[in-house]
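Here numbering that gives the first Met the number 0 is used: the first residue of the sequence shown is 0, the next is one more, and so on. Ideal Cβ positions, reconstructed from N, Cα and C, are used throughout, including at glycine. Inspection log for the structure reproduced underneath, given as structure tokens.
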Amino acid sequence: MLRRRTFRIAVLAATGVALAGGVTTFASASPAHRTPAAPKPTVVLVNGAWSDAASWNGVVKRLQADGYPVTAPPTGLRGVSADSSYLAAYLKTIQGPVVLVGQSYGGTVITNAATGNKNVKALVYISAFAPDKGEDVTTLTKKFPGSQITTDPDAQIPTALTPVVFPKTDGTTGVDLYAKADQYRDLFFSNRVSARTAAELAATQSPAAPEALGEASADPAWKTIQSWYLVSKDDHVIPPATERFMANRAHAHTVEADTPHAAQVTDPGIVTDLIKKAAATVR
């Protein structure tokens with residue numbers, strides 16, 4: 000009996016079974032070589048005009064829950080060159096690969112800021128402008144019918160906007176353009192948020208300088224960086240036909256959804272999914 004018991008213990012030990020305190024336990028096997036997961040790229044979110052960085056809150060929460068480093072620096076809305084220069088400098092502070100996301104006018108900003116930055120591996124446009132060199136926001140908005148930003152195509156200032164003239168420290172005057180509160184809900188959300196929510200967002204909007212709408216874009220980053228595009232089929236600011244045109248021209252991986260202009264607010268899940276698809280290609 001002693002010889003048989005000794006043999007049984009030897010067999011159990013050889014097969015990874017341990018005997019402790021009369022209880023039989025199986026030793027866990029670990030692979031000899033385990034490849035560590037590659038760090039996820041940093042996602043940088045850039046807001047457009049008449050909103051602010053807080054418009055990304057729903058997207059930020061989802062991305063952070065999935066382990067992505069996320070940042071949403073504010074857009075100055077002072078003009079294409081000024082805003083793009085600031086973002087380009089900000090991007091230089093980030094180490095490792097970047098997925099750069101722009102919504103609305105923020106698309107123009109990322110188009111310019113990413114040019115020449117080797118760390119930016121993917122561009123994501125959320126119902127956004129993706130201009131070519133020499134194009135501006137106003138011209139692209141008028142390229143196809145459908146925008147409700149103005150009822151008078153010849154008006155110098157779109158009829159949905161209110162100009163506020165203010166003195167500058169150098170003695171000259173500046174202009175800020177605000178979206179009219181009574182049109183805010185329909186224009187940006189296609190009435191898909193409550194009137195109360197729309198009123199709160201209209202009250203905290205960031206105004207845009209005319210240079211943000213009329214200044215020409217420089218060399219576009221989408222010519223050298225792969226891109227993704229969400230076409231919002233119920234967009235009341237940028238005509239969906241214009242969005243399709245820009246997405247096709249950039250050879251972007253395109254998704255169309257029944258979303259309004261501010262899709263990141265009303266449909267953060269759809270926006271997050273597209274960003275993650277772009278991020279999955281980054282190595």
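Exposure label - residue i; buried when at least 16 CB within 10 Å
i	result
Ser231	buried
Lys39	buried
Ser216	buried
Val69	buried
Ala110	Residue identity check: residue 110 is Thr in the sequence provided, not Ala. Thr110 is buried by the Cβ-count criterion.
Asp151	exposed
Thr203	exposed
Pro166	exposed
Val59	buried
Ala64	exposed
Inter-residue Cα distance where the pair is residue i and residue j
i	j	result
Val108	Val119	14 Å
Ala251	Ser226	5 Å
Ile224	Val97	11 Å
Tyr177	Gln155	14 Å
Ala121	Gly170	42 Å
Val264	Pro130	23 Å
His260	Phe187	5 Å
Gly75	Lys222	25 Å
Ser126	Leu44	13 Å
Thr149	Asn46	21 Å
Ala37	Asp181	48 Å
Lys275	Thr172	43 Å
Lys309	Pro206	Within the shown structure, residues of the chain are numbered from 0 to 282, placing residue 309 beyond reach of any answer.
Gly213	Thr258	26 Å
Asn116	Val123	15 Å
Gln102	Thr168	31 Å
Thr23	Asp266	In this prediction, Thr23 scores a pLDDT of 36, lower than 50, which makes its location untrustworthy; the coordinate-derived value is nonetheless stated afterwards. Computed Cα separation, rounded: 53 Å.
Asp175	Val100	25 Å
Thr271	Pro73	19 Å
Val281	Glu134	29 Å
Ala262	Ala256	9 Å
Thr140	Ala279	31 Å
Pro219	Arg243	17 Å
Tyr104	Tyr67	24 Å
Thr158	Asp233	20 Å
Asp185	Leu160	13 Å
Leu200	Lys179	11 Å
Ala198	Asp51	15 Å
Leu229	Asn247	12 Å
Tyr85	Thr253	28 Å
His235	Gln147	5 Å
Leu273	Gly57	14 Å
Ser54	Ile269	15 Å
Met245	Asp82	21 Å
Where residue i falls: helix, strand or coil (DSSP)
i	result
Leu76	coil
Gln102	strand
Phe128	coil
Lys142	coil
Ser29	Note on Ser29: pLDDT 45, under 50, position unreliable in the model; no value is reported.
Tyr85	helix
Ser54	helix
Asp181	helix
Lys276	helix
Pro206	coil
Lys232	coil
Thr70	strand
Gly268	helix
Ala256	strand
Pro157	coil
Nearest-angstrom Cβ-Cβ length linking residue i and residue j, presumed shorter than 8 Å
i	j	result
Val136	Phe128	6 Å
Leu62	Val42	6 Å
Ala211	Ala112	Their Cβ separation, rounded to whole angstroms, is 14 Å, which puts Ala211 and Ala112 out of contact at 8 Å.
Gly145	Pro238	3 Å
Ala208	Arg77	5 Å
Check: residue i C-beta below 7 Å from any heavy atom of the ligand NAD
i	result
Val45	Absence of the ligand NAD is noted for the structure shown, with no ligands found whatsoever.
- Message: For the region 85-102 against the region 189-201, do three or more pairs of beta-carbon atoms, one drawn from each stretch, fall closer than 8 Å, so that the two count as touching?
- Response: no
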